[in-house]
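> First, the structure itself, so that you have it in front of you.
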Amino acid sequence: MLKTLLFVVTFFLFATGFFKTENQKPGAENNKTILYEKVYLHIDRELYSPGDDVWFKSYLVSGISHQLIPGYKNIYIQLVAEDGGVVDEKLLLSVNGTASGDFLLSESLTEGSYTVRAYTKYLQNFGEESYFHKKIVVAEAKSSLEMEAIPAEKKSSALDIAFLPEGGNFVVNAINHIAFKAIDETGKGIAVTGKVVDETGNEVVSFKTKYKGMGKFIMMPQENKKYFAQIDGFPDFKYAFEPAMPNGIALNYKADGGYLVFTLTRNLKIYHPQEFLLVATHKGTELFSSQITMNEFQQPMRLYKGLFPPGISQIVLYNQNGDKMAERLVFIRNAYEKRVTIIPDKKEYSAREKVEMILLALLPENDTILSTVSISVVSEDYFSALGNNQTIESYLLLDSELKGSIESPASFFVDEPDISGDEKLDLIMMVNGWRSYYWNELEQYAGVELPGWADYGLTLEGNVTRLWGGKPVDYGKVVMGPFSRNFLFEETTTDQEGNFSFDKLYLKDSAMIMINAETKNRSKRTEIELEQPLEFDSLFSADLVNSVCPDILVPMKFYREIYYRQIAEQEYFKDMGSILLGEVEIAGKEGPQTQDHFRLYGEPDHSFTVTSDDWNYADIADYLQTKAPGVIVTGDEIRIRAGYGNPLLLVDGLEVTWDYIKYLPIGDVDKIEILKNSALLAVYGSRGGNGVINILTKMGRPDLYTEYERLVPGRITPRVKGFQQPRKFYSPQYSLNNINDPKPDFRPTLYWNPDVTFDDREAKIEFYTSDKLARYHVFVEGISKRGKVISSHHLLSVTVPR
1 MLKTLLFVVT
11 FFLFATGFFK
21 TENQKPGAEN
31 NKTILYEKVY
41 LHIDRELYSP
51 GDDVWFKSYL
61 VSGISHQLIP
71 GYKNIYIQLV
81 AEDGGVVDEK
91 LLLSVNGTAS
101 GDFLLSESLT
111 EGSYTVRAYT
121 KYLQNFGEES
131 YFHKKIVVAE
141 AKSSLEMEAI
151 PAEKKSSALD
161 IAFLPEGGNF
171 VVNAINHIAF
181 KAIDETGKGI
191 AVTGKVVDET
201 GNEVVSFKTK
211 YKGMGKFIMM
221 PQENKKYFAQ
231 IDGFPDFKYA
241 FEPAMPNGIA
251 LNYKADGGYL
261 VFTLTRNLKI
271 YHPQEFLLVA
281 THKGTELFSS
291 QITMNEFQQP
301 MRLYKGLFPP
311 GISQIVLYNQ
321 NGDKMAERLV
331 FIRNAYEKRV
341 TIIPDKKEYS
351 AREKVEMILL
361 ALLPENDTIL
371 STVSISVVSE
381 DYFSALGNNQ
391 TIESYLLLDS
401 ELKGSIESPA
411 SFFVDEPDIS
421 GDEKLDLIMM
431 VNGWRSYYWN
441 ELEQYAGVEL
451 PGWADYGLTL
461 EGNVTRLWGG
471 KPVDYGKVVM
481 GPFSRNFLFE
491 ETTTDQEGNF
501 SFDKLYLKDS
511 AMIMINAETK
521 NRSKRTEIEL
531 EQPLEFDSLF
541 SADLVNSVCP
551 DILVPMKFYR
561 EIYYRQIAEQ
571 EYFKDMGSIL
581 LGEVEIAGKE
591 GPQTQDHFRL
601 YGEPDHSFTV
611 TSDDWNYADI
621 ADYLQTKAPG
631 VIVTGDEIRI
641 RAGYGNPLLL
651 VDGLEVTWDY
661 IKYLPIGDVD
671 KIEILKNSAL
681 LAVYGSRGGN
691 GVINILTKMG
701 RPDLYTEYER
711 LVPGRITPRV
721 KGFQQPRKFY
731 SPQYSLNNIN
741 DPKPDFRPTL
751 YWNPDVTFDD
761 REAKIEFYTS
771 DKLARYHVFV
781 EGISKRGKVI
791 SSHHLLSVTV
801 PR
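Numbering (the numbering used here) for the sequence shown: 1 to 802.
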């Protein structure tokens, strides 16, 4: 009893850091703070087809505590093709750590693999490895014949295997735990079996992979022996082990309930005492250190698991001279600690049935959800053949902590019948984590002040010169004001060279603004040149971006799913008296064209000509609700007929968002045309299923544009790309009135909500299933007030047709 009490007291002092100064590792300095952040995107799914929406929510967190970063910061998000071309880019304003947006994929987007890339200006200090990356695949519908033409996955003919002694040392006359990873020519882990033989060909130990090409085995090398690895089925492969070290230390780790057991093993022919210092760190911060005197062949240490924060920690063993003798990464998690549980009202549902779901927060009393969580409900057919590759848990605790690519990181947190999540994570600590801990590189930035931390808002810069002569206007007044009533006035003064700048601006989407400039004598005979802000990173290595995360394995059922989805829509439009076209190439004979505007359709159902008498309307929404019968505008939603979703919005024939139209000055508009007839909508395919609103501007009509664009000295009205405004995800609501609507409903994403709020630790979710009978993945992600990662998953089934 006395021994137990003394151990508890000693262990408490050790755990609370009272021994830190005595047991400081030789030459160590005091810990310095590393200011680091991470950005993660919850993306609704992984597989898309052209014309789909990619929905996402950003989480900006402290790299150390994972707490949401307060205040405002810019988030830069890009959609990058395999050749490095930027397909689309969005600027989000993170408010207290979160923001949301989407990419609307073009109908003409080439199928292939794309990378969603996200970063902040501050993360640019650390390079591409610090950015967020996630692969998605865009594919077109394929018939059975087209799918047969897709080449089958070939069996690997090339092989590469790395053998990695635990702790970093292969020690003679000692028990060595050897991890290994086998990959093919694409870098994908493959299953192998093999054996280790000595120079005489005698088998020492056999081994086989356990998970994604990884495995481990135990061997005890003898003096003056050579060892080789052979792989079954690869007769030409032969790996020669390095000679075993006579004076090294093997460091082994295993979990034992609420404790971690570290065992040091040395050459059994060494008998004299050896002094070591074991140091544990987490993200560059020392957790504790302990002196060890080794008298025997093995020396175990049993440490309380609660000493270690969740995620990756580093264990390093030093000798008396401060030389590093062994190192090991360990992953700590509580697999049974649920932060949010998902409670649906049923186990199985019918098509077009209402789903009622409760999200219940299970956080401790001293923690809560200050912000919001995001939720996605997606058909399992729209994920990789291996399942969802990435979650907020796998990214913040695993992906972003290790250098290099990890194959399907989310799967390492899932228990399987023959291997637990803890076993998978320990394998990756031994393989990918071997000397690849990202925080080792970040130590060089400890205590260093880096630029970009306070990056928020837009910066507009320009130059003012005199209208005649081109001389700079020094100390002139520049006013940025509203082209419409939605902007506030900002004023500044030019410098001696005529330069001016507006900082920390918040402009929405593609905003049209007005800038006026005059001399200090109030003359408006000036000319203004504005530099468009170059906010996004355009210089990066396509190879590096492609290699950061592995490719997605597309299941054949995905091609079949989008094919049947397209057939159902074609049949519907055919029954309605029209056809559904895919991508249309206009060649030869042009479509209907009047003397004013070019159109792809004939006479619209409704057409309104905007005159100067209409310029008193507040905006286009106000005009439409007054003039156009049946048009309903509610917040960010617009409908042209009851029971249908958002119509396709066009400006001069080009697809735009509602936010773009909201800030389009009514004085710019010549006509507004509305299409409801299915025959007119056919040319727009499935995009026009809810109708079309086409806004025809004076800029799209040459005979009016010349008159409209009058030169006003000292004034410009540029359009500036600003912050994306979040669009609301459309989810139909079925009732007795529309449940038998013949229009097919095969939504891959049943529900997306980036801003689920909790009331008294509970949130209620409601949505409707579609016509698709399938299993659906429910993912809930977020961050608690104290930085706890919220990552919950549930499967629901739609099994009964309507």
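For each residue, glycine too, the CB sits at the ideal point set by N, CA and C.
#1: Leu624 by DSSP, collapsed to three states: which one?
#2: Would DSSP call Glu286 helix, strand or coil?
#3: Report the rounded CA-to-CA distance for Asp670 versus Val631, giving the unit in angstroms.
#4: Ordered along the chain, which non-local residues of its own chain (more than five positions away) have a Cβ less than 6 Å from that of Ala345?
#5: Start and end of the alpha helix (DSSP H) containing Leu307?
#6: Helix, strand or coil for Asp184 per DSSP?
#7: Can you look up Glu29 in the DSSP assignment and give me helix, strand or coil?
#8: Mind checking who Glu416 pairs with in its DSSP beta bridge?
#9: Specify whether the region 161-180 and the region 244-257 touch according to this definition: at least 3 beta carbon pairs, one from each stretch, less than 8 Å apart.
#10: Which residues in the same chain as Ile552 place their Cβ atom closer than 8 Å to its Cβ, once the five residues preceding and following it in sequence are excluded?
#11: Taking C-beta to C-beta, are Val610 and Ala621 nearer than 8 Å?
#12: Under three-state DSSP, which class holds Gln320?
#13: Who are the Cβ neighbours of Ile392 in its own chain at under 7 Å, not counting the five residues just before and after it?
#14: Near Gly311, what residues of its chain come up, given a Cβ to Cβ distance below 6 Å and the 5 sequence neighbours on each side ignored?
#15: Among all the DSSP beta bridges, which residues are the ones paired with His777?
#16: Can you round the beta-carbon distance between Ile69 and Gly51 to whole angstroms, since I take them to be within the 8 Å contact cut?
#17: Which same chain residues end up closer than 6 Å to Met214 when comparing Cβ atoms and leaving out the 5 residues on each side of it in sequence?
#18: Below 8 Å on the Cβ atoms is my guess for Glu89 versus Phe412; work out the distance and round it to an integer in Å.
#19: If you check the beta carbons only, do Asp605 and Ile674 fall under 8 Å apart?
#20: My parser needs the beta strand (DSSP E) runs of 3 or more residues fully inside the region 78-151; what are they?
#21: With C-beta atoms as the reference, is Phe297 less than 8 Å away from Arg333?
#22: According to DSSP, what are the bridge partners of Thr769?
#23: Report the CB separation of Ile515 from Val478 in whole angstroms; it is logged as a contact under 8 Å.
#24: Taking DSSP as the reference, what is the three-state secondary structure of Trp752?
#25: Return helix, strand or coil for Tyr438, following the three-state DSSP convention.
#26: Roughly how many whole angstroms lie between the Cα atoms of Arg352 and Glu655?
#27: In its own chain, which residues sit with a C-beta less than 6 Å from the C-beta of Pro26, not counting the 5 before and 5 after it?
#28: Taking the beta carbon of Phe489 as the centre, do at least 16 other beta carbons fall within 10 Å, making it buried, or is it exposed?
#29: Just confirm the distance between the C-beta atoms of Asp198 and Lys216, as a whole number of angstroms; I'd bet it's less than 8 Å.
#30: Just reading off the beta strand (DSSP E) that Asp53 is part of, what are its end residues?
#31: Kindly confirm or deny that the region 640-653 and the region 612-620 touch, where touching means at least three C-beta pairs closer than 8 Å.
#32: Within the 8 Å Cβ cut-off, does Gly447 reach chain D?
#33: For Ile190 and Ile183, what's the separation of their Cα atoms in angstroms?
#34: Which value, in whole angstroms, describes the spacing of the CA atoms of Asn74 and Phe723?
#35: So, for Lys557: in the same chain, excluding its five sequence neighbours on each side, which residues have a beta-carbon less than 8 Å away from its beta-carbon?
#36: Does DSSP put Tyr506 in a helix, a strand or coil?
Looking at the coordinates:
#1: Helix at Leu624.
#2: strand
#3: 19 Å
#4: Before going further, note that residue 345 is Asp rather than Ala in the sequence given. So the list reads Glu356, once near-sequence residues are dropped.
#5: Leu307 -> no alpha helix (DSSP H), and no H or E assigned at all.
#6: coil
#7: Note that Glu29 scores a pLDDT of 44, beneath 50, so its modelled location is shaky and nothing firm can be said.
#8: Ile419
#9: yes
#10: Glu46, Leu47, Ser113, Lys135, Ile136, Val137, Ser384 and Asn389
#11: no
#12: coil
#13: Same-chain partners within the cutoff: Tyr40, His42, Tyr59, Glu781, Val789 and Ser791.
#14: Same-chain partners within the cutoff: Leu397.
#15: For His777, which the question treats as bridged, DSSP gives the partners Val378 and Leu795.
#16: Not quite, the Cβ-Cβ distance comes to about 35 Å (not below 8 Å), so this is no contact.
#17: Lys181, Leu427 and Val431
#18: Glu89 to Phe412, Cβ: 31 Å. No contact.
#19: yes
#20: 86-95, 98-104, 112-119 and 132-138
#21: no
#22: Per DSSP, Thr769 has no beta-bridge partner at all.
#23: 7 Å
#24: DSSP places Trp752 in strand when its eight states are reduced to three.
#25: Tyr438 sits in a helix when the DSSP states are folded into three classes.
#26: 29 Å
#27: With a pLDDT of only 45 at Pro26, under the threshold of 50, the placement of this residue in the model should not be trusted, and no figure is reported.
#28: exposed
#29: About 20 Å; that fails the 8 Å criterion.
#30: Asp53 to Ser62
#31: no
#32: Absence of chain D from the displayed structure is noted, only one protein chain being present.
#33: 5 Å
#34: 9 Å
#35: Hits under 8 Å: Asp381.
#36: coil
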